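Worksheet for the structure shown next.
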Amino acid sequence: MRKLLFIWIFLLFAEAKAQLFPTLGGQRAGISAVQFLKIGVGGRATSLGDAFVAIANDASSLYWNPAGAVQAEGNEILFSHNSWVADINHQFVGGIYHFSHNDAVGLSFTSLNMDDMPVTTEFMPFGTGEYFSFSDFAIGVTYSRQMTEQFSFGATIRYVEETLDKLKMRGFVLDLGTLYWTGLGTTRFAVAITNFGNEFAPDGKVLLWGKREKSDWQSFSPPILFRMGFAFEPYQTETHRITTSVQLNHPNDNSENVSAGVEYSWKEIFYARAGYKFNVDEQNFSFGTGLTVPLGIAKVTFDYGFANFERLGSAHRFSILLALY
(Lines of atoms letter the chains of each structure in order from A and count residues from 1; the text may use other names and numbers.)
(Lines give C-alpha, C1' and ligand atoms only; values in the text may rest on other atoms or scores of the structure.)
Protein backbone atom coordinates (compact mmCIF):
# COMPACT_ATOMS: atom_id res chain seq x y z
CA MET A 1 0.00 0.00 0.00
CA ARG A 2 2.76 2.45 0.97
CA LYS A 3 4.74 1.80 -2.23
CA LEU A 4 1.68 2.22 -4.40
CA LEU A 5 0.85 5.49 -2.63
CA PHE A 6 4.34 6.90 -3.21
CA ILE A 7 4.25 5.87 -6.87
CA TRP A 8 0.87 7.57 -7.35
CA ILE A 9 1.99 10.77 -5.64
CA PHE A 10 5.21 10.78 -7.69
CA LEU A 11 3.36 10.44 -10.99
CA LEU A 12 0.88 13.17 -10.08
CA PHE A 13 3.69 15.45 -8.95
CA ALA A 14 5.66 14.82 -12.15
CA GLU A 15 2.63 15.75 -14.26
CA ALA A 16 1.99 18.89 -12.24
CA LYS A 17 5.65 19.92 -12.13
CA ALA A 18 5.84 19.75 -15.91
CA GLN A 19 3.24 22.52 -16.03
CA LEU A 20 4.54 24.58 -13.11
CA PHE A 21 7.18 26.72 -14.79
CA PRO A 22 5.78 27.56 -18.26
CA THR A 23 4.21 31.01 -18.45
CA LEU A 24 1.46 30.05 -20.91
CA GLY A 25 -0.94 28.69 -18.29
CA GLY A 26 -2.75 32.01 -18.03
CA GLN A 27 -3.91 31.57 -21.62
CA ARG A 28 -6.19 28.79 -20.39
CA ALA A 29 -8.29 31.29 -18.42
CA GLY A 30 -11.99 31.29 -19.23
CA ILE A 31 -12.23 27.74 -20.61
CA SER A 32 -14.29 26.22 -17.78
CA ALA A 33 -17.81 26.71 -16.42
CA VAL A 34 -19.44 26.71 -12.94
CA GLN A 35 -16.63 28.84 -11.50
CA PHE A 36 -18.26 29.04 -8.08
CA LEU A 37 -16.86 25.56 -7.38
CA LYS A 38 -13.41 27.18 -7.07
CA ILE A 39 -14.43 29.44 -4.16
CA GLY A 40 -13.13 27.99 -0.90
CA VAL A 41 -15.09 27.52 2.32
CA GLY A 42 -14.34 28.12 6.00
CA GLY A 43 -12.63 31.06 7.68
CA ARG A 44 -9.72 28.86 8.75
CA ALA A 45 -8.77 27.82 5.21
CA THR A 46 -9.10 31.36 3.88
CA SER A 47 -6.76 32.68 6.58
CA LEU A 48 -4.13 30.12 5.52
CA GLY A 49 -4.16 31.23 1.90
CA ASP A 50 -6.21 28.13 0.97
CA ALA A 51 -3.16 25.94 1.71
CA PHE A 52 -5.46 23.47 3.40
CA VAL A 53 -5.66 20.04 1.73
CA ALA A 54 -3.01 18.60 4.09
CA ILE A 55 -4.59 20.23 7.17
CA ALA A 56 -8.30 19.63 6.53
CA ASN A 57 -9.57 17.65 9.53
CA ASP A 58 -13.02 19.11 10.13
CA ALA A 59 -16.29 19.52 8.24
CA SER A 60 -14.67 21.92 5.76
CA SER A 61 -12.79 18.89 4.41
CA LEU A 62 -16.01 18.06 2.53
CA TYR A 63 -14.89 20.81 0.16
CA TRP A 64 -11.09 20.72 0.42
CA ASN A 65 -10.15 17.06 0.73
CA PRO A 66 -12.72 14.30 1.38
CA ALA A 67 -9.97 12.12 2.90
CA GLY A 68 -9.88 14.52 5.87
CA ALA A 69 -13.52 13.91 6.85
CA VAL A 70 -12.65 10.76 8.78
CA GLN A 71 -9.90 12.70 10.60
CA ALA A 72 -12.49 14.85 12.40
CA GLU A 73 -12.61 14.10 16.14
CA GLY A 74 -16.38 13.71 16.22
CA ASN A 75 -19.58 14.47 14.34
CA GLU A 76 -19.47 18.05 13.04
CA ILE A 77 -21.54 20.70 11.29
CA LEU A 78 -20.02 23.71 9.54
CA PHE A 79 -21.78 26.92 8.50
CA SER A 80 -19.72 29.21 6.25
CA HIS A 81 -20.67 32.62 4.85
CA ASN A 82 -18.47 34.40 2.33
CA SER A 83 -18.93 38.06 1.42
CA TRP A 84 -17.24 37.67 -1.94
CA VAL A 85 -16.17 40.40 -4.34
CA ALA A 86 -18.69 42.36 -6.46
CA ASP A 87 -21.45 41.97 -3.85
CA ILE A 88 -21.61 38.20 -4.35
CA ASN A 89 -22.71 36.00 -1.45
CA HIS A 90 -21.37 32.48 -1.13
CA GLN A 91 -22.73 30.01 1.45
CA PHE A 92 -21.71 26.52 2.52
CA VAL A 93 -23.27 24.05 4.97
CA GLY A 94 -21.71 20.67 5.62
CA GLY A 95 -21.99 17.87 8.14
CA ILE A 96 -19.91 14.79 9.01
CA TYR A 97 -21.18 11.64 10.73
CA HIS A 98 -18.91 8.81 11.94
CA PHE A 99 -20.67 5.45 11.74
CA SER A 100 -17.49 3.65 12.82
CA HIS A 101 -13.99 4.55 13.99
CA ASN A 102 -12.64 4.18 10.46
CA ASP A 103 -15.59 5.35 8.37
CA ALA A 104 -17.36 8.68 7.98
CA VAL A 105 -19.98 10.09 5.63
CA GLY A 106 -20.77 13.69 4.85
CA LEU A 107 -23.40 15.85 3.23
CA SER A 108 -22.78 19.38 1.95
CA PHE A 109 -24.68 22.18 0.26
CA THR A 110 -23.13 25.17 -1.53
CA SER A 111 -24.88 28.20 -2.99
CA LEU A 112 -23.93 31.45 -4.68
CA ASN A 113 -26.25 34.34 -5.40
CA MET A 114 -26.33 38.04 -6.15
CA ASP A 115 -28.91 40.78 -6.58
CA ASP A 116 -31.06 40.79 -9.71
CA MET A 117 -29.54 42.76 -12.59
CA PRO A 118 -31.31 44.95 -15.19
CA VAL A 119 -31.82 43.66 -18.72
CA THR A 120 -30.13 45.86 -21.34
CA THR A 121 -30.19 45.75 -25.14
CA GLU A 122 -28.39 47.49 -28.01
CA PHE A 123 -31.20 50.03 -28.21
CA MET A 124 -31.92 50.30 -24.47
CA PRO A 125 -28.45 50.35 -22.83
CA PHE A 126 -29.86 51.79 -19.58
CA GLY A 127 -32.36 48.97 -19.11
CA THR A 128 -35.64 47.68 -20.44
CA GLY A 129 -37.36 47.70 -17.07
CA GLU A 130 -36.92 43.93 -16.74
CA TYR A 131 -34.46 42.12 -14.48
CA PHE A 132 -32.69 38.77 -14.63
CA SER A 133 -31.05 36.63 -11.96
CA PHE A 134 -27.95 34.49 -11.63
CA SER A 135 -27.41 31.75 -9.06
CA ASP A 136 -25.53 28.50 -8.44
CA PHE A 137 -25.92 25.61 -6.06
CA ALA A 138 -24.33 22.21 -5.46
CA ILE A 139 -25.20 19.22 -3.28
CA GLY A 140 -22.47 16.75 -2.38
CA VAL A 141 -22.32 13.32 -0.72
CA THR A 142 -18.99 12.20 0.76
CA TYR A 143 -17.51 8.94 1.98
CA SER A 144 -14.19 8.87 3.85
CA ARG A 145 -12.28 5.86 5.20
CA GLN A 146 -9.21 5.40 7.37
CA MET A 147 -7.45 2.63 5.45
CA THR A 148 -4.49 2.30 7.85
CA GLU A 149 -3.18 4.28 10.81
CA GLN A 150 -1.30 6.50 8.36
CA PHE A 151 -3.43 6.57 5.22
CA SER A 152 -6.98 7.76 4.58
CA PHE A 153 -9.01 8.11 1.40
CA GLY A 154 -12.21 9.93 0.49
CA ALA A 155 -14.54 10.66 -2.40
CA THR A 156 -17.37 13.12 -3.03
CA ILE A 157 -19.97 13.12 -5.77
CA ARG A 158 -21.64 16.46 -6.29
CA TYR A 159 -24.68 17.58 -8.28
CA VAL A 160 -24.18 21.07 -9.71
CA GLU A 161 -26.69 23.50 -11.18
CA GLU A 162 -26.16 27.01 -12.54
CA THR A 163 -28.99 29.34 -13.56
CA LEU A 164 -28.60 32.43 -15.75
CA ASP A 165 -32.02 33.93 -16.41
CA LYS A 166 -33.76 31.32 -18.60
CA LEU A 167 -30.70 29.13 -19.10
CA LYS A 168 -29.57 26.29 -16.84
CA MET A 169 -26.49 24.08 -16.70
CA ARG A 170 -26.65 20.79 -14.80
CA GLY A 171 -24.20 18.00 -14.18
CA PHE A 172 -22.19 15.90 -11.75
CA VAL A 173 -18.58 16.27 -10.63
CA LEU A 174 -16.34 14.01 -8.57
CA ASP A 175 -13.74 14.79 -5.89
CA LEU A 176 -11.04 12.32 -4.84
CA GLY A 177 -8.57 12.85 -2.00
CA THR A 178 -5.85 11.10 -0.03
CA LEU A 179 -4.04 11.95 3.20
CA TYR A 180 -0.85 10.22 4.31
CA TRP A 181 0.97 10.63 7.64
CA THR A 182 4.63 9.84 7.02
CA GLY A 183 5.47 8.81 10.59
CA LEU A 184 8.18 11.47 10.79
CA GLY A 185 6.85 13.70 13.54
CA THR A 186 3.57 15.24 12.38
CA THR A 187 4.47 15.53 8.70
CA ARG A 188 1.75 14.56 6.24
CA PHE A 189 1.12 14.70 2.51
CA ALA A 190 -2.23 15.16 0.81
CA VAL A 191 -3.33 14.88 -2.80
CA ALA A 192 -6.77 15.94 -4.00
CA ILE A 193 -8.38 16.31 -7.40
CA THR A 194 -11.70 18.13 -7.41
CA ASN A 195 -14.51 18.94 -9.84
CA PHE A 196 -13.67 16.12 -12.24
CA GLY A 197 -16.52 15.42 -14.65
CA ASN A 198 -18.09 15.79 -18.08
CA GLU A 199 -18.53 19.08 -19.87
CA PHE A 200 -21.41 21.41 -19.00
CA ALA A 201 -23.68 22.97 -21.62
CA PRO A 202 -26.69 25.27 -21.06
CA ASP A 203 -30.19 24.17 -21.92
CA GLY A 204 -33.00 26.55 -22.78
CA LYS A 205 -33.47 29.26 -25.34
CA VAL A 206 -33.30 33.04 -25.47
CA LEU A 207 -35.01 35.56 -27.72
CA LEU A 208 -32.60 37.79 -29.65
CA TRP A 209 -33.23 41.06 -31.48
CA GLY A 210 -35.40 40.61 -34.52
CA LYS A 211 -37.38 37.83 -32.77
CA ARG A 212 -34.63 35.34 -33.47
CA GLU A 213 -34.20 32.42 -31.09
CA LYS A 214 -31.00 30.77 -29.96
CA SER A 215 -30.96 27.36 -28.31
CA ASP A 216 -27.63 25.87 -29.45
CA TRP A 217 -24.84 26.45 -26.92
CA GLN A 218 -21.18 25.61 -26.56
CA SER A 219 -20.13 23.20 -23.79
CA PHE A 220 -17.38 23.83 -21.25
CA SER A 221 -15.41 21.63 -18.88
CA PRO A 222 -15.82 21.98 -15.10
CA PRO A 223 -13.01 23.78 -13.20
CA ILE A 224 -10.87 20.71 -12.50
CA LEU A 225 -8.25 21.42 -9.85
CA PHE A 226 -5.34 19.27 -8.74
CA ARG A 227 -3.85 20.09 -5.34
CA MET A 228 -0.89 18.58 -3.54
CA GLY A 229 -0.04 19.76 -0.01
CA PHE A 230 2.44 19.19 2.78
CA ALA A 231 1.97 20.19 6.43
CA PHE A 232 3.63 19.69 9.79
CA GLU A 233 3.99 21.21 13.27
CA PRO A 234 7.50 22.65 13.78
CA TYR A 235 6.64 23.45 17.41
CA GLN A 236 4.01 21.85 19.63
CA THR A 237 3.40 21.66 23.38
CA GLU A 238 0.30 21.30 25.55
CA THR A 239 -0.14 25.08 25.41
CA HIS A 240 1.22 26.19 22.07
CA ARG A 241 1.04 24.77 18.56
CA ILE A 242 2.37 26.08 15.27
CA THR A 243 1.19 24.44 12.05
CA THR A 244 2.70 25.23 8.65
CA SER A 245 1.45 24.22 5.23
CA VAL A 246 2.53 24.61 1.61
CA GLN A 247 0.46 23.59 -1.39
CA LEU A 248 0.84 23.27 -5.15
CA ASN A 249 -2.32 24.13 -7.12
CA HIS A 250 -2.76 23.04 -10.73
CA PRO A 251 -6.05 24.31 -12.27
CA ASN A 252 -7.16 23.33 -15.75
CA ASP A 253 -8.12 26.92 -16.58
CA ASN A 254 -5.21 29.05 -15.34
CA SER A 255 -1.55 29.09 -14.40
CA GLU A 256 -0.14 26.89 -11.66
CA ASN A 257 0.36 28.58 -8.33
CA VAL A 258 1.66 27.91 -4.83
CA SER A 259 0.01 28.84 -1.53
CA ALA A 260 1.44 28.76 1.98
CA GLY A 261 -0.01 29.29 5.44
CA VAL A 262 0.84 29.24 9.13
CA GLU A 263 -1.42 28.81 12.15
CA TYR A 264 -0.70 29.51 15.82
CA SER A 265 -2.89 27.91 18.49
CA TRP A 266 -3.01 28.70 22.21
CA LYS A 267 -4.47 25.78 24.17
CA GLU A 268 -6.64 24.94 21.13
CA ILE A 269 -8.83 27.87 22.18
CA PHE A 270 -7.41 30.91 20.39
CA TYR A 271 -5.97 30.87 16.87
CA ALA A 272 -4.05 33.35 14.72
CA ARG A 273 -3.41 32.60 11.06
CA ALA A 274 -1.80 34.05 7.94
CA GLY A 275 -1.27 32.94 4.36
CA TYR A 276 0.02 34.00 0.97
CA LYS A 277 -0.57 32.97 -2.66
CA PHE A 278 2.27 33.02 -5.17
CA ASN A 279 1.82 33.43 -8.94
CA VAL A 280 -1.82 34.48 -8.58
CA ASP A 281 -2.63 37.63 -10.55
CA GLU A 282 -5.32 39.09 -8.30
CA GLN A 283 -5.24 37.59 -4.80
CA ASN A 284 -2.17 37.71 -2.54
CA PHE A 285 -2.14 37.78 1.26
CA SER A 286 -4.71 36.64 3.79
CA PHE A 287 -5.06 36.46 7.55
CA GLY A 288 -7.61 35.63 10.21
CA THR A 289 -8.36 34.40 13.67
CA GLY A 290 -10.45 31.83 15.49
CA LEU A 291 -11.95 31.11 18.91
CA THR A 292 -13.17 27.80 20.36
CA VAL A 293 -15.77 27.78 23.14
CA PRO A 294 -16.32 24.43 24.97
CA LEU A 295 -19.96 23.64 25.74
CA GLY A 296 -19.89 20.39 27.70
CA ILE A 297 -20.64 17.60 25.24
CA ALA A 298 -19.82 19.88 22.31
CA LYS A 299 -17.62 22.78 21.34
CA VAL A 300 -18.17 25.70 19.00
CA THR A 301 -15.43 27.31 16.93
CA PHE A 302 -15.81 30.75 15.37
CA ASP A 303 -13.43 31.51 12.49
CA TYR A 304 -12.85 34.65 10.43
CA GLY A 305 -10.73 34.96 7.31
CA PHE A 306 -9.75 38.02 5.27
CA ALA A 307 -8.50 37.67 1.68
CA ASN A 308 -6.99 40.65 -0.12
CA PHE A 309 -7.53 41.31 -3.83
CA GLU A 310 -5.39 43.86 -5.64
CA ARG A 311 -8.13 45.38 -7.81
CA LEU A 312 -11.40 43.79 -6.72
CA GLY A 313 -11.15 44.82 -3.06
CA SER A 314 -11.33 42.16 -0.38
CA ALA A 315 -13.36 39.17 0.75
CA HIS A 316 -14.52 38.30 4.26
CA ARG A 317 -15.37 34.75 5.26
CA PHE A 318 -17.10 33.79 8.51
CA SER A 319 -17.69 30.25 9.68
CA ILE A 320 -19.08 28.41 12.70
CA LEU A 321 -18.04 24.85 13.42
CA LEU A 322 -20.14 22.80 15.84
CA ALA A 323 -18.38 19.62 17.03
CA LEU A 324 -20.32 16.97 18.97
CA TYR A 325 -18.57 14.32 21.06
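Each step along the sequence shown adds one to the number in numbering that gives the first Met the number 0, with nothing skipped, and position 175 is 174.
For every residue, glycine included, the Cβ atom is placed at its ideal position computed from N, Cα and C.
All values reported here derive from a predicted model rather than from experimental measurement.
Query raised in the report: Quick one: Cα of residue 186 to Cα of residue 268, how far?
Result: Position 187 of the sequence shown holds residue 186. Position 269 of the sequence shown holds residue 268. In a straight line, the C-alpha of residue 186 is about 23 Å away from that of residue 268.
Query - Ordered list of beta strand (DSSP E) runs contained in the region 73-106, each at least 3 residues - result: 74-83 and 87-99
Query raised in the report: Which residues share a DSSP beta bridge with residue 202?
Result: Translated into the one-based positions of the sequence shown, residue 202 becomes position 203. DSSP output for residue 202 lists 167 as bridge partner(s).
Requested in this report: Tell me whether residue 120 sits in a helix, a strand or coil according to DSSP, three-state version.
Outcome: Position 121 of the sequence shown, counting from 1, holds the residue named residue 120. Looking at residue 120 - three-state DSSP - the assignment turns out to be coil, as it is neither helix nor strand.
**Report entry** For residue 221 and residue 33, the rounded distance between their alpha carbons
**Finding:** Taking the sequence shown and counting its residues from 1, the one referred to as residue 33 is at position 34. Taking the sequence shown and counting its residues from 1, the one referred to as residue 221 is at position 222. Distance between the alpha carbons of residue 33 and residue 221 is about 6 Å.
Query raised in the report: According to DSSP, is residue 34 helix, strand or coil?
Result: Within the sequence shown, numbered from 1, the residue matching residue 34 stands at position 35. Reduced to three states, the DSSP call for residue 34 is helix.
Query raised in the report: Which one of 319, 212 and 112 has the shortest CA to CA distance from residue 378?
Result: No information on residue 378 is available, as it lies outside the stretch 0 to 324 that the chain covers here.
Query raised in the report: In chain order, what residues of the same chain have a beta carbon less than 6 Å from the beta carbon of residue 229, not counting five sequence neighbours either side?
Result: The residue labelled residue 229 in the question sits at position 230 within the sequence shown. Cβ neighbours of residue 229 beyond the five flanking positions: 53, 188 and 245.
Report task. Quick one: measure Cβ to Cβ for residue 297 and residue 323, integer angstroms, because I've assumed they're closer than 8 Å. Result -> Translated into the one-based positions of the sequence shown, residue 297 becomes position 298. Translated into the one-based positions of the sequence shown, residue 323 becomes position 324. Sure, about 5 Å apart at Cβ, within 8 Å.
Query raised in the report: Over what stretch of residues does the alpha helix (DSSP H) that includes residue 53 continue unbroken?
Result: As a first step, residue 53 must be located in the sequence shown, where it is residue number 54. Unbroken run through residue 53: none, as it is neither H nor E.
Requested in this report: Identify, in the order they occur along the chain, each residue of the same chain with its Cβ nearer than 6 Å to the Cβ of residue 316, setting aside the five sequence neighbours on each side.
Outcome: Start at 1 with the first residue of the sequence shown, and residue 316 comes out as number 317. Here the set comprises 42, 45, 81 and 304.
Query raised in the report: Ordered along the chain, which non-local residues of its own chain (more than five positions away) have a Cβ less than 6 Å from that of residue 302?
Result: Taking the first residue of the sequence shown as position 1, residue 302 is located at position 303. 42, 43, 289 and 318.
Query raised in the report: Which class does residue 321 belong to by DSSP, given the choice of helix, strand or coil?
Result: Counted from its first residue, the sequence shown places residue 321 at position 322. Strand.
Query raised in the report: Expressed to the nearest angstrom, what Euclidean distance is found between the alpha-carbon atoms of residue 176 and residue 166?
Result: The residue labelled residue 176 in the question sits at position 177 within the sequence shown. The residue labelled residue 166 in the question sits at position 167 within the sequence shown. About 32 Å.
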